[in-house]
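One structure is given here, and the rest of the page talks about it.
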Amino acid sequence: MLTVVTPMRNEEETAELFMQRLLPALERNSSKWKIIVPLTATDKTQQILDTYEVETVDVPPGLGRAYKAGLGKAIEGDGSGPVLTLDTDLSHLPEEMDMLTATDADLVLGARAETGSRFHRRMVSNLINSILLGPYTDYTSSYRLYSRPLLKRVLPEMRSNGFAFMPEIVFRSIRAGFKVSQVAVSFPPRVAGESKMSYRSNLKDYIRFLAWRYFR
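If you read the sequence shown in the working numbering, its first letter stands for residue 475, the second for the next number, and so on.
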């Protein structure tokens, strides 16, 4: 079974279209699936999701908190199969999930083309990637495929509650000896709404992660 974890934060403008694109892509890639949405919403996102077979988990703001809750829910029990994560604003194309599911690794990173991102977001992402000095080109993309053994081993160690969760889990996976691979994916502009990323609120999270990365 393929489990999809896709956090949403006030995505009433994109949730319907995202689900309409996600479900056909899942049908092409798996005979059975489960969709988990860590949800932070004060708009109509929940009402939209209620019309689909989706499990929602209420979470406080913070991308890391959302993924800790969603990925933790995904690996509960004795289920099998990988866990796919992607953004709901359609800056990650559900139709490209086969590029990740066809790759043999414990963690598959979807490395984004830069054409669809705004300049300031692209600049921050490139800065982070260059500081990390690792073997991959995109540590902040959330278009990924995780194995369950990796998540069960690494998730309890995660500390970041914001966007630093994304590079932290990659480096913890590498340190734990898991196989990590990277595939190129598209990165079109989001179809509606605004990015929920706050650079100021995530600065401390990144500083804490970088301290762990280089001094432990």
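Where is the CB? At the ideal position from N, CA and C, for every residue including glycine.
Item, Value
"Contacts around arginine 495, its chain only, beta-carbon distance under 6 Å, and the 5 residues preceding and following it disregarded", "Pro568"
"Valine 528 vs isoleucine 549 beta-carbon contact at 8 Å", "no"
"Enclosing alpha helix (DSSP H) for leucine 496 [first to last residue]", "489 to 503"
"Pick from Val582, Thr477 and Ser655 that is closest to serine 504, judged by C-alpha positions", "Thr477"
"Contacts around methionine 475, its chain only, beta-carbon distance under 8 Å, and the 5 residues preceding and following it disregarded", "Ser504, Lys506, Trp507, Lys508, Gly553, Ser554 and Gly555"
"DSSP state of arginine 633 mapped onto helix, strand, coil", "coil"
"Residue of Pro535, Met640, Thr480 and Arg633 minimising C-alpha distance to tyrosine 610", "Met640"
"Simplified DSSP assignment, three categories, for isoleucine 549", "coil"
"Contact set for methionine 571: own chain, Cβ-Cβ below 7 Å, skip 5 residues either direction", "Ala499, Asn503 and Leu558"
"Identity of the residues DSSP links to arginine 627 by a beta bridge", "DSSP output for arginine 627 lists no bridge partner at all."
"Own chain partners of arginine 622 with C-beta closer than 6 Å, once the 5 adjacent residues on each side are dropped", "Ile549"
"Candidates Arg483, Ser615 and Asp517, of which the one nearest serine 565 by Cα", "Ser615"
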